[in-house]
Ligand code: MG
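Residue numbers (this note's numbering): 0 to 156.
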């Protein structure tokens, strides 16, 4: 049986934080703020995977009020989500995502992000697609106040 999942996340861009997307540190004057390392891409992928498995959302599994997750690398959260899927004998068919970032330009990092996440998930690079786009200068996203990510996945039982 094939199951679909979607995920979404948004984090504010602030001074004094590292910008981490897909577990990759990206040079930029600001980073994403949050309880963990605020890796919005991994969070959206986690939610897509949890959604496909009908396992709720990332906030239920890793509450942002829990000290254990303060400053945690989201790579660890992704690994735990993957373990939850494996336990239920669900395997990832493919994942597609869209990063909406007015800045920085992510074209130079997309391949690195893709190979990092596919390695973490144990899937082929051809099973993961990462798209990046600006918000055409519109709204808060367009004014570099935040980065948002959408993710979709198919998993197979
Ligand atoms: Mg998040």
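No residue lacks a Cβ here, since even glycine has one placed at the ideal position from N, Cα and C.
Might you give, ordered along the chain, the residues of its own chain that have their beta carbon closer than 6 Å to the beta carbon of residue i, omitting 5 neighbours on each side?
i, result
"residue 9", "145 and 147"
"residue 11", "32 and 145"
"residue 1", "153 and 155"
"residue 95", "128 and 151"
"residue 19", "36 and 38"
"residue 30", "16, 17 and 18"
How should residue i be labelled, buried or exposed, when 16 other C-beta atoms within 10 angstroms of its C-beta is the threshold for buried?
i, result
"residue 113", "buried"
"residue 52", "buried"
"residue 137", "exposed"
"residue 22", "buried"
Which residues in the same chain have their Cβ closer than 8 Å to the Cβ of residue i, if we skip the five residues on either side of it in sequence?
i, result
"residue 7", "43, 46, 147, 148, 149 and 150"
"residue 62", "68"
"residue 13", "29, 30, 31 and 32"
"residue 55", "49"
Please state if the CB of residue j and the CB of residue i are separated by a distance shorter than 8 Å.
i, j, result
"residue 116", "residue 127", "yes"
"residue 156", "residue 88", "yes"
"residue 58", "residue 154", "no"
"residue 36", "residue 15", "no"
"residue 102", "residue 27", "yes"
"residue 119", "residue 91", "no"
Residues in its own chain within less than 7 Å of residue i by CB, not counting five upstream and five downstream?
i, result
"residue 132", "97 and 99"
Validate contact between the stretch 38–48 and the stretch 69–88 using beta carbons, cut 8 Å, 3 pairs: In this structure the stretch 38–48 lies against the stretch 69–88, because at least three pairs of beta carbons, one per stretch, are closer than 8 Å.
Meets three-Cβ-pair contact criterion under 8 Å: the stretch 70–78 and the stretch 104–111: The way I'd put it, the stretch 70–78 doesn't touch the stretch 104–111; fewer than three beta-carbon pairs between them come closer than 8 Å.
Any heavy atom of ligand 1 within less than 6 Å of residue CB: hits in chain order: Qualifying residues, in the order they occur: 8, 10, 33, 39 and 42.
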